[in-house]
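Everything below concerns the one structure shown next.
Protein chains in written order, with our numbering: chain A, 2 to 233; chain B, 622 to 802.
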C-alpha cells in the first residue's frame with residue numbers, strides 16, 4: 002500500500018524535525034523537502050507550533066528545599082568536626098601522659114642514658130620533653146586557647162627530630178627501638194593538627210561550635226552567601 | 622568551567638557556601654523533574670527534599686564526570702523512584718492529580734496533556750523541553766541510549782500534537798527501544 006510508504010516518510014521526517022528543533026540533528030534536505038511538500042506533515046507542524054509556547058509548566062507552591070538541605074549540611078559538618086576534635090584530643094592526652102612519664106623516668110635515670118649523652122644533656126632533654134608534655138596537656142584540656150599557639154612549636158620539634166632520627170638511623174648511629182621515645186611528640190603534633198579549626202567549617206554560616214560554650218566559635222565570614230555560584 | 626560547576630567542586634571539598642549556591646541554582650529543575658516523575662505534589666515534595674538531603678553526603682563524591690545538573694537530576698530520579706516505591710504507586714498512574722496545583726492560564730490545558738503522557742515519554746519531554754537538557758544529558762539522567770531519548774521526545778510531541786489538534790496519533794508505533802547507531 003502506498004499509504005504505508007507515505008506514513009514511513011512522514012514518520013521519519015517528523016522525527017527528524019523534532020530532533021532538529023532541539024538542535025540534535027544535522028540538516029536533512031530530504032526530510033525538509035518532504036515536510037514542505039506533504040500536506041499532512043504541514044498541518045502536523047502547524048499543530049506543533051501551536052503547542053510550543055503553551056508549555057511553560059511550573060507547578061505552584063514549590064516547597065522549601067534549600068533550608069532543610071543546609072540544616073543537614075551543618076549537622077554533618079558539625080559531626081565531622083566533632084569527631085576530628087575528639088580524635089585530636091585523645092592523641093594529645095596520650096602524648097601528654099607518655100611524654101610526662103618519659104621525662105620523669107629520664108630525670109631519675111631509668112632507662113640509663115646512652116653513653117653518648119651526658120647527664121647534663123639528658124636533664125635538658127627531659128626538661129624539653131616535660132615542657133612539651135605540659136603543652137599537650139593544656140591543649141588536650143582546652144584546645145581552643147592553647148592548641149593554636151603550640152602547633153608550630155610541636156611541628157618544628159617533630160620535624161627536626163624526624164630529620165635527626167632519620168639521619169642517625171641511616172648512618173647506623175641509632176636503632177629503631179631507640180627512636181620509639183619520639184612517638185609522643187609525633188602523636189602530640191598530630192593531635193594539634195586535628196584540633197585546629199578546619200577551614201571548611203568556617204564557610205558554613207552560623208554553624209554551631211561542636212565544643213565549648215556558645216559564642217566561642219569563629220566570627221562569621223566576611224562575605225555571606227550571595228545565593229549565586231562563586232565565579233572562578 | 623561555569624560558575625555552577627566550580628561551585629559544585631568547591632562543595633565536594635566541603636564548602637558550605639558553595640553547596641548552598643548549588644542547591645539554590647538547581648532547586649527549580651529538581652522540583653520540576655520530581656513533579657513530572659511523581660505527578661503528585663506531596664510525593665514530589667518528598668522526593669525533592671530527599672534528593673537534596675542525599676546530596677549533602679553524596680556531593681563529597683562529585684568529581685565532575687557529568688555536569689552537576691545532570692548529577693542532581695540522576696539523584697532526583699533515584700530518590701523519586703524510592704519515594705514512589707514506598708508509596709506503592711506506579712509513576713504512570715500518578716499523573717493527572719496535580720492539575721489544580723498549576724498556575725492558571727492558557728498553558729493549563731497543555732499541561733494536562735503532558736500529565737497524561739506515559740511516564741517515560743513525559744520524563745524525556747520534561748527533561749529536554751522544560752529543563753533544557755541535551756539528549757545526551759537526558760540519556761545520562763534516564764539511563765538509556767541517546768536514540769531512545771530522540772524517539773521518546775518525538776513520540777511525546779506526536780501524542781501532544783494529536784491530542785492538541787484532536788486527531789488520532791498515527792505516529793506512535795511504539796518502537797521505543799530502538800538504539801542509535
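Beta carbons: idealized from backbone N, C-alpha and C, even for Gly.
Owing to the predicted nature of the structure, the values given are computational and were not obtained by experimental measurement.
Legend entry - Same chain, Cβ closer than 8 Å to residue 150 of chain A, neighbours up to 5 away in sequence not counted: Indexing the first chain from 1 puts residue 150 of chain A at position 149. The answer is none, since no qualifying residue turns up.
Legend entry - Straight-line Cα distance separating residue 755 of chain B from residue 161 of chain A: Translated into the one-based positions of the first chain, residue 161 of chain A becomes position 160. Translated into the one-based positions of the second chain, residue 755 of chain B becomes position 134. C-alpha separation (whole angstroms): 57 Å.
Legend entry - Alpha-carbon spacing of residue 174 of chain A relative to residue 184 of chain A, whole angstroms: Locating residue 174 of chain A in the first chain gives position 173, where the first residue counts as 1. Locating residue 184 of chain A in the first chain gives position 183, where the first residue counts as 1. If I take the Cα positions, the gap works out to 19 Å.
Inset, instruction - Could you please give the first and the last residue of the uninterrupted alpha helix (DSSP H) stretch that includes residue 682 of chain B? - result: Position 61 of the second chain, counted from the start, is the residue given in the question as residue 682 of chain B. Careful: residue 682 of chain B lies outside any alpha helix (DSSP H) and carries neither H nor E.
Inset, instruction - Starting from the beta carbon of residue 704 of chain B, find every residue of chain A whose beta carbon is closer than 8 Å, and list them in chain order. - result: As a first step, residue 704 of chain B must be located in the second chain, where it is residue number 83. Per Cβ cutoff of 8 Å: no residues; residue 704 of chain B is ~13 Å from chain A at best.
Legend entry - Among B/767, B/630, B/740, the one whose alpha carbon lies nearest that of residue 660 of chain B: On the second chain, position 39 is the one that residue 660 of chain B refers to. The candidate whose alpha carbon is nearest that of residue 660 of chain B is B/740.
Inset, instruction - Please name the residue in B/675, B/751, B/707, B/687 whose C-alpha comes closest to that of residue 640 of chain B. - result: Residue mapping note: residue 640 of chain B aligns to position 19 of the second chain, counting from 1. Of the listed residues, the one whose Cα sits closest to residue 640 of chain B is B/675.
Inset, instruction - Could you tell me whether any Cβ in chain A is nearer than 8 Å to the Cβ of residue 671 of chain B? - result: Here residue 671 of chain B refers to the residue found at position 50 when the second chain is read from its first residue. For residue 671 of chain B, the answer is no, since every Cβ of chain A falls outside 8 Å of its Cβ.
Inset, instruction - Taking only beta-carbon positions, decide if residue 756 of chain B is within less than 8 Å of chain A. - result: Here residue 756 of chain B refers to the residue found at position 135 when the second chain is read from its first residue. It does: the Cβ of residue 756 of chain B has a partner Cβ on chain A nearer than 8 Å.
Inset, instruction - Output, in sequence order along the chain, the residues in the stretch 638-652 of chain B whose CB is closer than 8 Å to any CB in chain A. - result: 638, 639, 640, 641, 642, 643, 644, 645, 646, 648, 649, 651, 652
Legend entry - Per-residue contacts from residue 761 of chain B into chain A (C-beta, under 8 Å): Along the second chain, one-based indexing puts residue 761 of chain B at 140. Correct list: empty, because the minimum Cβ distance to chain A is about 14 Å.
Inset, instruction - At 7 Å on the CB atoms, spell out the chain B contacts of residue 77 of chain A, in chain order. - result: As a first step, residue 77 of chain A must be located in the first chain, where it is residue number 76. In chain order: 677, 678.
Legend entry - Helix, strand or coil at residue 739 of chain B [DSSP, three-state]: On the second chain, position 118 is the one that residue 739 of chain B refers to. Looking at residue 739 of chain B - three-state DSSP - the assignment turns out to be coil, as it is neither helix nor strand.
Legend entry - Neighbour-count burial assignment, residue 121 of chain A, 16 or more Cβ in a 10 Å radius: In the first chain, counting from the first residue as 1, residue 121 of chain A sits at position 120. Counting Cβ neighbours within 10 Å, residue 121 of chain A comes out exposed, since fewer than 16 surround it.
Inset, instruction - Kindly say whether residue 774 of chain B, judged by its beta-carbon, lies nearer than 8 Å to any beta-carbon of chain A. - result: Taking the second chain and counting its residues from 1, one reaches residue 774 of chain B at position 153. By this cut-off, residue 774 of chain B is an interface position.
Legend entry - Under 8 Å between C-beta atoms of residue 672 of chain B and residue 696 of chain B: As a position in the second chain, residue 672 of chain B is number 51, starting the count at 1. As a position in the second chain, residue 696 of chain B is number 75, starting the count at 1. Their beta carbons are under 8 Å apart, which means residue 672 of chain B touches residue 696 of chain B by this criterion.
Legend entry - Nearest residue (CA-CA) to residue 147 of chain A, options A/159, A/133, A/158: As a working mapping, residue 147 of chain A is identified with position 146 in the first chain. Of the listed residues, the one whose Cα sits closest to residue 147 of chain A is A/133.
Inset, instruction - Give the secondary structure of residue 25 of chain A by DSSP, where H, G and I count as helix, E and B as strand, and everything else as coil. - result: Reading the first chain from its first residue, position 24 is the one you call residue 25 of chain A. In this structure, residue 25 of chain A counts as coil in the three-state DSSP scheme.
Inset, instruction - Consider the Cβ of residue 674 of chain B: report whether some Cβ of chain A lies at a distance smaller than 8 Å. - result: Mapped onto the second chain, residue 674 of chain B falls at position 53. Residue 674 of chain B belongs to the set of residues whose beta carbon lies under 8 Å from a beta carbon in chain A.
Inset, instruction - Could you confirm whether any beta carbon from chain B is found closer than 8 Å to the beta carbon of residue 136 of chain A? - result: Counted from its first residue, the first chain places residue 136 of chain A at position 135. Not an interface residue.
Inset, instruction - Measure the C-alpha to C-alpha separation of residue 125 of chain A and residue 108 of chain A and round it to an integer number of angstroms. - result: Residue mapping note: residue 125 of chain A aligns to position 124 of the first chain, counting from 1. Residue mapping note: residue 108 of chain A aligns to position 107 of the first chain, counting from 1. Between residue 125 of chain A and residue 108 of chain A, the C-alpha separation is close to 9 Å.
Legend entry - Cutoff 8 Å: residue 691 of chain B Cβ touching any chain A Cβ: If you number the second chain from 1, residue 691 of chain B lands on position 70. Closer than 8 Å: no.
Legend entry - residue 72 of chain A classed as buried or exposed, judged by whether at least 16 other C-beta atoms fall within 10 angstroms: Taking the first chain and counting its residues from 1, one reaches residue 72 of chain A at position 71. Residue 72 of chain A should be labelled exposed.
Legend entry - Reference residue 783 of chain B; option with closest CA among A/42, A/23, A/9: Counted from its first residue, the second chain places residue 783 of chain B at position 162. Ranking A/42, A/23, A/9 by Cα distance to residue 783 of chain B puts A/42 first.
Legend entry - Short CB-CB distance (under 8 Å) between residue 197 of chain A and chain B: The sequence position of residue 197 of chain A within the first chain is 196, counting from 1. Residue 197 of chain A does not count as touching chain B.
Legend entry - residue 752 of chain B in three-state terms, based on DSSP: Working through the second chain from its first residue, we reach residue 752 of chain B at position 131. In the structure shown, residue 752 of chain B sits in coil (DSSP, three-state: anything other than H, G, I, E or B).
Inset, instruction - Verify whether the separation of the beta carbon atoms of residue 781 of chain B and residue 52 of chain A is less than 8 Å. - result: Taking the first residue of the second chain as 1, we reach residue 781 of chain B at position 160. Taking the first residue of the first chain as 1, we reach residue 52 of chain A at position 51. In contact: residue 781 of chain B and residue 52 of chain A (Cβ atoms closer than 8 Å).
Inset, instruction - Tell me whether residue 53 of chain A sits in a helix, a strand or coil according to DSSP, three-state version. - result: Against the first chain, residue 53 of chain A aligns to sequence position 52. Reduced to three states, the DSSP call for residue 53 of chain A is coil.
Inset, instruction - Let me know if residue 778 of chain B comes out buried or exposed under the rule of 16 or more other beta-carbons within 10 Å of its beta-carbon. - result: Taking the first residue of the second chain as 1, we reach residue 778 of chain B at position 157. Residue 778 of chain B should be labelled buried.
Legend entry - Closer than 8 Å to chain A by CB, residue 785 of chain B: Taking the second chain and counting its residues from 1, the one referred to as residue 785 of chain B is at position 164. It does: the Cβ of residue 785 of chain B has a partner Cβ on chain A nearer than 8 Å.
Inset, instruction - Verify whether the separation of the beta carbon atoms of residue 62 of chain A and residue 774 of chain B is less than 8 Å. - result: Numbered from its first residue, the first chain carries residue 62 of chain A at position 61. Numbered from its first residue, the second chain carries residue 774 of chain B at position 153. No. Outside cutoff.
Inset, instruction - Return the first residue and the last residue of the alpha helix (DSSP H) that residue 167 of chain A is part of. - result: Here residue 167 of chain A corresponds to residue number 166 of the first chain, with the count starting at 1. First-last of the alpha helix (DSSP H) with residue 167 of chain A: 144-172.
Legend entry - residue 32 of chain A vs residue 14 of chain A beta-carbon contact at 8 Å: In the first chain, the residue the question calls residue 32 of chain A occupies position 31. In the first chain, the residue the question calls residue 14 of chain A occupies position 13. Taking 8 Å as the Cβ cut-off, residue 32 of chain A and residue 14 of chain A qualify as a contacting pair.
Legend entry - CB-CB length for residue 694 of chain B against residue 747 of chain B, believed under 8 Å: Translated into positions along the second chain, residue 694 of chain B becomes position 73. Translated into positions along the second chain, residue 747 of chain B becomes position 126. Between residue 747 of chain B and residue 694 of chain B the Cβ distance is about 10 Å, and since that is not below 8 Å, they are no contact.
Inset, instruction - Taking all protein chains shown into account, decide if residue 27 of chain A is buried (16 or more other Cβ within 10 angstroms of its Cβ) or exposed. - result: As a working mapping, residue 27 of chain A is identified with position 26 in the first chain. The residue is exposed, with fewer than 16 neighbouring Cβ atoms inside 10 Å.
Inset, instruction - Let me know if residue 726 of chain B comes out buried or exposed under the rule of 16 or more other beta-carbons within 10 Å of its beta-carbon. - result: Counting from one through the second chain, the residue named residue 726 of chain B turns up at place 105. Reliability fails at residue 726 of chain B, whose pLDDT of 47 lies under 50, so the model's placement of it is uncertain and the value that follows must be treated cautiously. Answer is exposed; the Cβ neighbour count stays below 16.
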